[in-house]
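A.B. asks:
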Amino acid sequence: MRRRFWRPGDRAIGIVLGVVLGIAVIILFLFLSSRNTIDEPSLSGGATTQTQPQPAPPPSKVTGPKAKPSQ
5 MRRRFWRPGD RAIGIVLGVV LGIAVIILFL FLSSRNTIDE PSLSGGATTQ TQPQPAPPPS
65 KVTGPKAKPS Q
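FYI, the numbering for the sequence shown is 5 to 75, going by the working numbering.
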């Protein structure tokens, strides 16, 4: 039986293909599967919405224990 020996370039090609396929899967997920998310990604550059942070509510006043009125 004849064995095939791997060349160093074969491993590099495999690594590059794996990275490219991984990036392609991520991009496909972002632009096809995330249509129902709040901040949907787009390349069109159309109207972009910017969220304005709402001001924090004022802190509640903490008062110390009330003194008993003197009699």
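Where is the CB? At the ideal position from N, CA and C, for every residue including glycine. Source: prediction; values computed, not measured.
(1) Hey, quick one: how far does the alpha helix (DSSP H) through residue 15 stretch, first residue to last?
(2) Per DSSP, what kind of secondary structure is residue 37 in: helix, strand or coil?
(3) Alpha carbon to alpha carbon, how far is residue 34 from residue 70? Give it in angstroms, no decimals.
(4) Do you know offhand how far residue 12's Cα is from residue 25's?
C.D. replies: The relevant details are as follows:
(1) 12-32
(2) helix
(3) 59 Å
(4) 21 Å
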